[in-house]
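*Asks:* Residues 424 to 628 (my numbering) make up the sequence shown, in order. Below are the structure tokens for one structure; questions will follow.
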Amino acid sequence: MKSFLCMFAFTMLLAGCGEEQQEAGNLERNTSVRMEKTVLEEEGMSTDWEEVVDAVHSESTASQDQKDFSDTERNLQGTEMMENEEDAEMKLRIEIGDSSFLAALEKNTAVEALMERMEKEPLVLQMADYGGFEKVGELGQTLPSDNSQMTAQPGDIMLYQGNQLVLFYETHTWSYTKLGQVEDLSGWAEALGDEEVTVTFSLEG
């Protein structure tokens with residue numbers, strides 16, 4: 424019986440709080456209406472009660488709509504900033520002797536695996552000339568590949584057979600997974616030369 428009375432008293436208390444909040448809201452709206460009515464009377468304008476209520480309600484609704492719009496706009500701006508950060512392009516720096524080049528990377532699983540390898544330290548490869556059109560270096564691991572027949576262009580960076588990294592300074596058609604493309608080819612062929620070279624790859628950006 425005591426438990427029932429306690430629960431009944433608690434329920435009535437909550438109901439009373441709800442009514443107080445509702446009354447507070449009504450009081451605030453009524454106060455606004457009375458103030459608006461007083462102003463209209465002083466200015467000799469119509470004091471039709473329904474018109475005054477509608478005017479106060481419209482002003483309150485417009486204010487809330489403006490707030491909702493501002494909140495939505497801020498959320499959109501925050502989302503765009505996050506997307507821009509995620510889309511920030513990571514570059515590959517390629518150093519050959521005293522020459523340095525930047526390459527734009529593709530978005531595929533092979534590039535992701537290569538980037539993961541270079542997160543801790545740069546990748547250094549001994550690369551030998553092959554066919555008078557490319558330099559080839561053994562990665563020492565197999566990366567995920569998605570090969571397709573294509574014609575490589577000067578500056579292309581390719582994955583061959585999953586475990587060899589290839590730098591092109593001439594064109595050649597074969598089955599590769601593209602990793603990236605050197606952005607500025609000025610001095611590219613000269614830096615690679617026709618002998619074995621040491622090439623250092625690192626992440627930029």
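Glycine included, every Cβ here is placed at the ideal spot set by N, Cα and C. Small disclaimer: the values here were computed from a predicted structure and weren't measured.
Identify every residue that forms a DSSP beta bridge with residue 566.
*Replies:* As a position in the sequence shown, residue 566 is number 143, starting the count at 1. In the DSSP output, where bridge partners are listed per residue, residue 566 has none listed.
*Asks:* Taking the C-alpha atoms as reference points, what is the distance between residue 601 and residue 527?
*Replies:* Residue 601 sits at position 178 when you count from the first residue of the sequence shown. Residue 527 sits at position 104 when you count from the first residue of the sequence shown. So the two alpha carbons sit approximately 11 Å from each other.
*Asks:* Taking only three categories from DSSP, how would you classify residue 541?
*Replies:* The sequence position of residue 541 within the sequence shown is 118, counting from 1. Helix, per DSSP.
*Asks:* Between the stretch 542-553 and the stretch 567-579, can you find at least three pairs of beta-carbon atoms closer than 8 Å?
*Replies:* no
*Asks:* Would a C-beta distance cut-off of 7 Å place residue 610 and residue 580 closer than the cut-off?
*Replies:* For this step, residue 610 is matched to residue 187 along the sequence shown. For this step, residue 580 is matched to residue 157 along the sequence shown. Contact flag unset, no.
*Asks:* Could you give the distance in angstroms between the alpha-carbon of residue 562 and the alpha-carbon of residue 586?
*Replies:* Working through the sequence shown from its first residue, we reach residue 562 at position 139. Working through the sequence shown from its first residue, we reach residue 586 at position 163. Spanning the two alpha carbons is a distance of roughly 5 Å.
*Asks:* Might you give, ordered along the chain, the residues of its own chain that have their beta carbon closer than 7 Å to the beta carbon of residue 621, omitting 5 neighbours on each side?
*Replies:* Here residue 621 refers to the residue found at position 198 of the sequence shown. Within the same chain, residue 621 has close Cβ partners 547, 549.
*Asks:* If you draw a straight line from the C-alpha of residue 537 to the C-alpha of residue 515, how long is it?
*Replies:* Counting from 1 along the sequence shown, the entry for residue 537 is found at position 114. Counting from 1 along the sequence shown, the entry for residue 515 is found at position 92. Distance between the alpha carbons of residue 537 and residue 515: 10 Å.
*Asks:* Does the separation of the CB atoms of residue 578 and residue 605 fall below 7 Å?
*Replies:* In the sequence shown, counting from the first residue as 1, residue 578 sits at position 155. In the sequence shown, counting from the first residue as 1, residue 605 sits at position 182. Yes, the Cβ-Cβ distance between residue 578 and residue 605 is below 7 Å.
*Asks:* Per DSSP, residue 553 forms a beta bridge with which residues?
*Replies:* Position 130 of the sequence shown, counting from 1, holds the residue named residue 553. Residue 553 pairs with 557.
*Asks:* Reducing DSSP to helix, strand and coil, say where residue 623 ends up.
*Replies:* Along the sequence shown, one-based indexing puts residue 623 at 200. Reduced to three states, the DSSP call for residue 623 is strand.
*Asks:* How is the beta strand (DSSP E) around residue 518 delimited, first residue to last?
*Replies:* Taking the first residue of the sequence shown as 1, we reach residue 518 at position 95. Here the beta strand (DSSP E) through residue 518 covers 514-519.
*Asks:* Going by C-alpha distance, which of 594, 617, 590 is nearest residue 518?
*Replies:* Within the sequence shown, residue 518 is the residue found at index 95, counting from 1. Answer by Cα proximity: 590.
*Asks:* Give the single residue among 524, 613, 532, 625 whose Cα lies nearest to the Cα of residue 570.
*Replies:* Residue 570 sits at position 147 when you count from the first residue of the sequence shown. Looking at 524, 613, 532, 625, the one whose alpha-carbon comes closest to that of residue 570 is 532.
*Asks:* Where does residue 608 fall in DSSP's three states?
*Replies:* Residue numbering aside, residue 608 sits at position 185 when the sequence shown is read from its first letter. DSSP places residue 608 in coil when its eight states are reduced to three.
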